[in-house]
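Visitor: Residue numbers (the numbering used here): 54 to 306. By construction, the Cβ of each residue, glycine as well, lies at the ideal position given by its N, Cα and C atoms.
1. Could you spell out where the alpha helix (DSSP H) holding residue 132 opens and where it closes?
2. So residue 125 and residue 97 are in contact, right, with Cβ under 8 angstroms, and what is the actual spacing, rounded?
3. Quick check on this structure: which residue in 280, 299, 267 has the alpha carbon closest to the alpha carbon of residue 289?
4. What residue does the beta strand (DSSP E) around residue 97 start on, and which one ends it?
5. Quick check: what's the CA-CA separation for residue 203 versus residue 80?
6. Any contact of the region 231-245 with the region 273-289, i.e. 3+ C-beta pairs under 8 angstroms?
7. With distances taken between CB atoms, is the gap from residue 120 to residue 59 smaller than 9 angstroms?
8. Quick one: what does DSSP say residue 195 is sitting in, helix, strand or coil?
9. Does DSSP put residue 296 in a helix, a strand or coil?
10. From the DSSP output, which residues share a beta bridge with residue 227?
11. Among the candidates 56, 229, 190, whose CA atom is the shortest distance from the CA of residue 244?
12. Name the residue from 304, 56, 225, 223 whose alpha carbon lies nearest to the alpha carbon of residue 349.
13. What is the rounded straight-line gap between the Cα of residue 100 and the Cα of residue 127?
14. Evaluate residue 141 with the Cβ neighbour count: other Cβ atoms within 10 Å of its Cβ, from every protein chain shown; 16 or more gives buried, anything less gives exposed.
15. Indicate the three-state DSSP secondary structure (helix, strand or coil) for residue 146 in the structure shown.
16. Hey, quick one: how far does the beta strand (DSSP E) through residue 289 stretch, first residue to last?
17. In terms of alpha-carbon separation, which member of 169, 239, 298, 222 lies closest to residue 146?
18. Relative to the C-alpha of residue 295, which candidate in 283, 275, 287, 271 has its C-alpha closest?
19. Apply the 10 Å Cβ neighbour rule to residue 220 and answer buried if 16 or more other Cβ atoms are within range, or exposed otherwise.
20. If you reduce the DSSP assignment to three classes, tell me which class residue 269 lands in.
21. Counting Cβ pairs, one atom from each stretch, are 3 or more of them under 8 angstroms apart for the region 203-218 and the region 151-158?
22. What residues match up with residue 123 in a beta bridge as DSSP calls it?
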């Protein structure tokens with residue numbers, strides 16, 4: 054298994070990383086995304102049919118192209134997080150993290166002791182016993198994992214400073230759709246009040262050592278979010294495909 058995480062290294066060096074949400078269980082989409090030049094792929098196991106079983110060949114496809122695969126995991130269950138990590142996921146995104154306690158639990162589930170409580174067993178993560186000693190691999194795996202929690206509910210605002218103070222938290226990822234819904238504006242992530250709150254979150258997070266992440270629908274939106282201070286920007290694979298397909302059809306008919 055690979056123990057590097059090129060996108061995390063780029064992010065920690067102050068760079069911007071571009072990724073793609075993949076909701077369809079398809080190693081081919083992973084390969085296409087890697088070949089297209091995305092810094093990472095983000096397997097969406099919250100919204101969509103991706104399971105640990107279907108994620109495994111997708112992870113292998115990403116590794117084959119030197120691109121880290123991350124996963125958004127809807128269940129805040131340590132065992133589910135553990136299973137994805139043991140398959141080779143290089144980063145975990147946990148949605149709806151509204152308290153400092155929830156942020157700490159999320160990060161702890163991603164790390165081996167003494168920092169965390171990730172279960173330790175043989176298998177792929179330890180090269181099936183054919184590589185270095187586990188005691189030497191554990192620090193590499195702890196360093197490798199990109200820890201991401203989502204800010205996507207108004208209730209998290211009061212706890213924001215405590216959340217971003219969580220040790221070993223790498224990214225605060227703003228989810229504008231659920232955030233808008235929690236503010237009483239479902240389906241309106243562009244509402245001025247929602248955008249003003251996102252600006253507030255961004256301002257309070259800058260300088261904390263925690264990177265900011267969010268979503269963007271197209272190239273213009275990607276550039277706008279980067280200008281706004283976001284370092285991790287993720288587009289959606291089905292949306293990109295659908296828009297490209299519609300553009301082709303509209304240009305012909």
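Guide: Let me lay it out:
1. Within the chain shown, residue 132 is the residue found at index 79, counting from 1. Note, residue 132: alpha helix (DSSP H), 131-140.
2. Within the chain shown, the letter at position 72 stands for residue 125. Within the chain shown, the letter at position 44 stands for residue 97. Their Cβ separation, rounded to whole angstroms, is 5 angstroms, which keeps residue 125 and residue 97 in contact under 8 angstroms.
3. Start at 1 with the first residue of the chain shown, and residue 289 comes out as number 236. The shortest C-alpha separation from residue 289 is found at 267.
4. The sequence position of residue 97 within the chain shown is 44, counting from 1. Looking at the DSSP string, the run of the beta strand (DSSP E) that includes residue 97 is 93-97.
5. Taking the chain shown and counting its residues from 1, one reaches residue 203 at position 150. Taking the chain shown and counting its residues from 1, one reaches residue 80 at position 27. Each residue's alpha carbon lies about 26 angstroms from the other.
6. Short answer: they don't touch.
7. Translated into positions along the chain shown, residue 120 becomes position 67. Translated into positions along the chain shown, residue 59 becomes position 6. It is a contact, given that the beta carbons lie within the stated cut-off.
8. To locate residue 195, count along the chain shown from 1; it is residue 142. Here residue 195 sits in helix by DSSP.
9. Numbered from 1 along the chain shown, position 243 holds the residue referred to as residue 296. Helix, per DSSP.
10. Indexing the chain shown from 1 puts residue 227 at position 174. Assignment of beta-bridge partners to residue 227 by DSSP yields 204.
11. Mapped onto the chain shown, residue 244 falls at position 191. Comparing Cα positions, the closest option is 229.
12. Any question about residue 349 goes unanswered here, given that the chain covers just 54 to 306.
13. As a working mapping, residue 100 is identified with position 47 in the chain shown. As a working mapping, residue 127 is identified with position 74 in the chain shown. Cα atoms of residue 100 and residue 127: separation of roughly 8 angstroms, rounded to the nearest angstrom.
14. Indexing the chain shown from 1 puts residue 141 at position 88. Around the Cβ of residue 141, a 10 Å sphere holds 16 or more other Cβ atoms; the residue is buried.
15. Stepping through the chain shown from its first residue, residue 146 is reached at position 93. Residue 146: strand per DSSP, three-state reduction.
16. Translated into positions along the chain shown, residue 289 becomes position 236. Boundaries of the beta strand (DSSP E) around residue 289: 285-289.
17. Here residue 146 is taken as the residue at index 93 of the chain shown, counted from 1. With distances taken between Cα atoms, residue 146 lies closest to 222.
18. To locate residue 295, count along the chain shown from 1; it is residue 242. Looking only at 283, 275, 287, 271, the smallest Cα-Cα distance to residue 295 is reached by 271.
19. What you label residue 220 is simply residue 167 of the chain shown in a count that begins at 1. By the neighbour-count rule (16 or more Cβ atoms within 10 Å), residue 220 is not buried but exposed.
20. Along the chain shown, one-based indexing puts residue 269 at 216. In this structure, residue 269 counts as coil in the three-state DSSP scheme.
21. These segments touch.
22. By 1-based counting over the chain shown, the position of residue 123 is 70. Answer by DSSP bridge pairing, in chain order: 95, 144.
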